[in-house]
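A.B. asks: Okay, here's the structure, questions in a sec.
Residue numbers (our numbering): 1212 to 1791.
Structure (structure tokens):
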């Protein structure tokens, strides 16, 4: 049930206020006329022993007791693990067990004493051993009976949200062909539900699905994706995967990702997926993408719109049919429709992205120690080795207490030194700068100056390594002087109007952006993903060299690839270091 809290008075204003923005998020307080924010309430039916959406149970007529703001079912696998942790194996086998907001567990509608913080003192090896010994005795009999009651008691809610979502999907696709749309498929519960809704709403299984394989997915996700392909033979599902990069090797090179420096998303997800989309829909005037994003997932996603234009691909329209659904709704749909889903949820994972993400909860990390023991130990060793390499005195505490998740910048990381650009202003020429590069000049260096204008190798003195950069009218904007193989480069700025620069100082910074990129580029694909005109291509050759190409014909000289990231390079932002 949705209720509203008055933004001014901080008290309830009613349960059936009209929605003022068609998003069921806000309304108007009838008392003061101020904003009223929507919150969800889930109730517990004492007779049917299941969560209900309406305050009065539609099956038995009993009035429900408020339980929590959202809830998900606890499958027998997770229930058994919980019982072992509490030293009560099979104590809740016949009970109705649910998990609410804040990782609170409810047994027959009553909250039980459980804290994730206490898991730090538990013997995970002993728990894992006991779980393996007892799991064969586990049963789904009572769980299935409870789920049948859950489905029956919330049938009206199911019908209402499904019909609304299907109607919305049909309305937004009116002007699109089936070949102009695709489902962004992660293998998680939300994209699973979205995929099923889209297929049912359009009565067409041939909608393209793109699976963003980060290479760090749960093993259960890969198993589920294979099952999905088998169960949906008419649905094209292709993967977008960065086959050129290895996560562990990059962790050793630039340090593991943290909550504030999730370089893994750019390298293994965003850049790769955008590259795949561009190649598949290159000739389309507009494409429609279905996402399984929901506002209740996080604070940042709470601000998302149901429909929006992609900030990265000019012709992409993003729609999120289930954006206002709760976990309660997601599981109601999955259990009612009987569709297959990722087995990681049976084990207790609330979300299934990258299994080693620094944003994962303490409960998720504990689950991985139990169900993915070898991978967890390997990753912990990697983290400890990194901590020692940057001078952490007590590396194991740094890792086990989660301090690695808050890491910022590249201090102590050798590769971060490549972000340093050394230069001296020319004493005899105005707006000319002498740079001492950490990487010898190659033909690739000139490629990075194409966003400033058009390269001309004929006007300058070849023996001195002079290259001019002109605008479309033929006016000289920049002059580069540096022989191939040398580490010295002289750059003369003859006109500041380059890459959107408004003055000479900004133009100077734009030049340093590209030189930083030249020294640091590891082919992360961030630059390619921000180019809206498909003018930029980044590939890693077999010998490890990065082939960075910009098409003269497609490049609009907008400067987005130059100034989108701090200092021009995404990895420069990740590896920023304090200067003495």
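A virtual CB, placed ideally from N, CA and C, is assigned to each residue, including glycine.
If you're wondering where the values come from, they're calculated on a predicted model, not measured in any experiment.
1) Taking only three categories from DSSP, how would you classify residue 1260?
2) Could you check the C-alpha separation between residue 1777 and residue 1784 for me, to the nearest Å?
3) For residue 1543, which residues in the same chain have their Cβ closer than 6 Å to its Cβ, ignoring the five residues on either side in sequence?
4) List the endpoints of the continuous beta strand (DSSP E) containing residue 1703.
5) Do you know offhand how far residue 1270's Cα is from residue 1564's?
6) Rounded to the nearest angstrom, what separates residue 1637 and residue 1788 at their Cα positions?
7) Would you list, in sequence order, the uninterrupted beta strand (DSSP E) runs of no fewer than 3 residues that lie entirely inside the segment 1571-1643?
8) DSSP on residue 1778, reduced to helix/strand/coil?
9) Can you give the Cα-Cα distance for residue 1590 and residue 1393, rounded to whole angstroms?
10) Count the CB pairs spanning the segment 1582-1600 and the segment 1304-1321 that are closer than 8 Å, and state whether there are at least three.
11) Residues in its own chain within less than 8 Å of residue 1781 by CB, not counting five upstream and five downstream?
12) Under a three-way DSSP split, which group does residue 1237 fall into?
13) Distance check for residue 1385 and residue 1348, CA to CA, integer angstroms please.
14) Mapping DSSP to helix, strand and coil, what is residue 1521?
15) Please confirm whether residue 1656 and residue 1689 have their CB atoms less than 9 Å apart.
16) Taking 9 Å as the cut-off, decide whether the C-beta atoms of residue 1706 and residue 1682 are in contact.
17) Does the Cβ-Cβ distance between residue 1597 and residue 1615 come in under 9 Å?
18) Between the segment 1669-1684 and the segment 1750-1761, do at least 3 Cβ pairs fall closer than 8 Å?
19) Between which two residues does the alpha helix (DSSP H) carrying residue 1482 extend?
20) So residue 1442 is in the alpha helix (DSSP H); what residue range does that whole segment cover?
21) How about the segment 1551-1564 and the segment 1455-1472: do they share at least three Cβ pairs that are nearer than 8 Å?
22) Are the beta-carbon atoms belonging to residue 1652 and residue 1696 less than 9 Å from one another?
23) Closest to residue 1576 by C-alpha separation, out of 1302, 1527, 1330 and 1324, would be which residue?
24) Give me the Cβ distance between residue 1694 and residue 1774, rounded to the nearest whole Å; I'm assuming they're in contact under 8 Å.
C.D. replies: In short, the structure shows the following:
1) Position 49 of the chain shown, counting from 1, holds the residue named residue 1260. Three-state result, residue 1260: coil.
2) Here residue 1777 refers to the residue found at position 566 when the chain shown is read from its first residue. Here residue 1784 refers to the residue found at position 573 when the chain shown is read from its first residue. Looking at the two C-alpha atoms, the distance is approximately 6 Å.
3) As a working note, residue 1543 is residue 332 in the chain shown. Excluding residues within five positions, the ones whose Cβ falls inside 6 Å are 1365 and 1369.
4) Here residue 1703 refers to the residue found at position 492 of the chain shown. Taken as a continuous stretch (DSSP letters only), the beta strand (DSSP E) holding residue 1703 covers 1699-1704.
5) As a working note, residue 1270 is residue 59 in the chain shown. As a working note, residue 1564 is residue 353 in the chain shown. Between residue 1270 and residue 1564, the C-alpha separation is close to 37 Å.
6) For the purposes of this step, residue 1637 is taken as residue 426 along the chain shown, with counting starting at 1. For the purposes of this step, residue 1788 is taken as residue 577 along the chain shown, with counting starting at 1. Using only the alpha carbons, I get a separation of about 27 Å.
7) 1633-1636
8) Position 567 of the chain shown, counting from 1, holds the residue named residue 1778. Residue 1778 falls in the helix class under three-state DSSP.
9) Sequence index remark: in the chain shown, residue 1590 carries index 379 (1-based). Sequence index remark: in the chain shown, residue 1393 carries index 182 (1-based). Straight-line Cα distance between these residues: approximately 34 Å.
10) no
11) Position 570 of the chain shown, counted from the first residue, corresponds to residue 1781. Hits under 8 Å: 1474, 1477, 1735, 1737 and 1738.
12) If you number the chain shown from 1, residue 1237 lands on position 26. Residue placement at residue 1237 is poorly supported in this model, since its pLDDT is 46, which falls under 50; the coordinates are not used for a value here.
13) Residue 1348 sits at position 137 when you count from the first residue of the chain shown. Residue 1385 sits at position 174 when you count from the first residue of the chain shown. Taking the straight line from one Cα to the other gives about 51 Å.
14) For the purposes of this step, residue 1521 is identified with residue 310 of the chain shown, where counting begins at 1. Correct three-state label for residue 1521: coil.
15) Looking up residue 1656 in the chain shown gives position 445. Looking up residue 1689 in the chain shown gives position 478. Going by C-beta atoms, residue 1656 is not nearer than 9 Å to residue 1689.
16) Numbered from its first residue, the chain shown carries residue 1706 at position 495. Numbered from its first residue, the chain shown carries residue 1682 at position 471. Contact: yes.
17) Here residue 1597 is taken as the residue at index 386 of the chain shown, counted from 1. Here residue 1615 is taken as the residue at index 404 of the chain shown, counted from 1. In contact: residue 1597 and residue 1615 (Cβ atoms closer than 9 Å).
18) no
19) On the chain shown, residue 1482 is found 271 positions in, with the first residue counted as 1. Start and end: 1482-1491.
20) Indexing the chain shown from 1 puts residue 1442 at position 231. According to the DSSP assignment, residue 1442 belongs to the alpha helix (DSSP H) that extends over 1430-1442.
21) no
22) On the chain shown, position 441 is the one that residue 1652 refers to. On the chain shown, position 485 is the one that residue 1696 refers to. Yes; because the gap between Cβ atoms is below 9 Å, this pair is in contact.
23) Translated into the one-based positions of the chain shown, residue 1576 becomes position 365. Residue 1576 has its Cα closest to that of 1330, out of 1302, 1527, 1330 and 1324.
24) Residue mapping note: residue 1694 aligns to position 483 of the chain shown, counting from 1. Residue mapping note: residue 1774 aligns to position 563 of the chain shown, counting from 1. About 29 Å separates the beta carbon of residue 1694 from that of residue 1774, a gap too long to meet the 8 Å contact definition.
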